[in-house]
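>
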Ligand code: ZN
């Protein structure tokens, strides 16, 4: 989930400057359509990818005989370009659906309850691309850099899916592979590139790319085996701590997790405000 968000740190979304004008001239936009919302959901997109997105939205609008592209088509096009085609026809067993609902509810709950995350945009259990479900956050503005507290909260959100699965099924599925890959990338970057490990300090351990004939042929790294072991330990510590944080949040709010999962099974897609409402209502009930 939210994989391209990671590219924030180095790439700026240039929707508003470079590419919007020439494309928008050919595509009529409904006045209510807010391109900035789409731009915030497409960090790191190239001009060509954004052009593709607008094209896709225009096709969707044309197919429904609409005179202009509305927010609905833009969002659908963004999700398609970013994650792949919606696969409503995918035959999922009831068990898979239930596991997916709890998994996504886990991400959504941790997202809403932690302070330094981006606001939850929507969560869905309609399969799309290779994903059985998606939890999507949307930064409030363009993000050019991330603080350590943001990355640590992101890591905890990433862990939330698997933890929720453990609670509902007392077992774990292969559905967290993408989350695990992303968490490893974030933690490794924190240690090796961003100087965010107090233990390993302000040193670049990622190495430098080596080129031959214009192609990257490898990476040169200059550190000892002892340091390699320290890096591995530090990456594992960061991930283990994020896991423990997410687990305690989810265990303390099990009723809310269940309420979100049940709502997902009933409605398939919830927007951020709806999840917030479920969480607040459940909090209110708990205090009565
Ligand atoms: Zn997940």
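In the working numbering, the protein residues as written are 40 to 327.
Beta carbons: idealized from backbone N, C-alpha and C, even for Gly.
The structure presented is a predicted model; accordingly, all values stated were derived computationally and were not measured.
For the beta strand (DSSP E) that residue 259 lies in, which residues bound it at each end?
Here the beta strand (DSSP E) through residue 259 covers 254-259.
> Can you name the start and end residues of the beta strand (DSSP E) that residue 250 belongs to?
Residues 247-251.
> State the DSSP-derived secondary structure class of residue 241, mapped to helix, strand or coil.
Residue 241 falls in the coil class under three-state DSSP.
> Any idea which residues DSSP pairs residue 271 with across the strands?
For residue 271, which the question treats as bridged, DSSP gives no partner whatsoever.
> Taking the continuous alpha helix (DSSP H) assigned at residue 210, which residues delimit it?
Looking at the DSSP string, residue 210 is not in any alpha helix (DSSP H), and its letter there is neither H nor E.
> Where does residue 157 sit, in a helix, a strand or coil, going by DSSP?
Coil.
> My output table needs one value for residue 115: the three-state DSSP class, helix, strand or coil.
It is helical.
> Taking the alpha-carbon positions, what's the residue 158 to residue 316 distance?
Cα to Cα, residue 158 sits roughly 13 Å from residue 316.
> Can you name, in chain order, every residue of its own chain whose Cβ lies under 7 Å from the Cβ of residue 116, other than the five neighbours on each side?
92, 95, 96 and 99.
> Between the C-alpha atoms of residue 221 and residue 304, what's the straight-line distance to the nearest angstrom?
Computed Cα separation, rounded: 26 Å.
> What whole-angstrom Cβ distance do residue 142 and residue 214 have, given they're in contact under 8 Å?
Indeed they touch by this definition, with Cβ atoms about 6 Å apart.
> Please list, in chain order, all residues of the same chain as residue 256 whose beta carbon is under 7 Å from its beta carbon, the five residues on each side excluded.
For residue 256, where only same-chain residues beyond five positions count, the Cβ hits under 7 Å are 249 and 250.
> Starting from the C-beta of residue 320, find all residues in its chain whose C-beta is less than 6 Å away, skip the five residues before and the five after it, and write them out in chain order.
Closer than 6 Å at Cβ, skipping near neighbours: no residue.
> Residues in the same chain with beta-carbon distance under 8 Å from residue 43, minus the five sequence neighbours each way, listed in chain order, please.
In this prediction, residue 43 has a pLDDT of 41, which is less than 50 and means its spatial position is unreliable; nothing more can be read from the coordinates.
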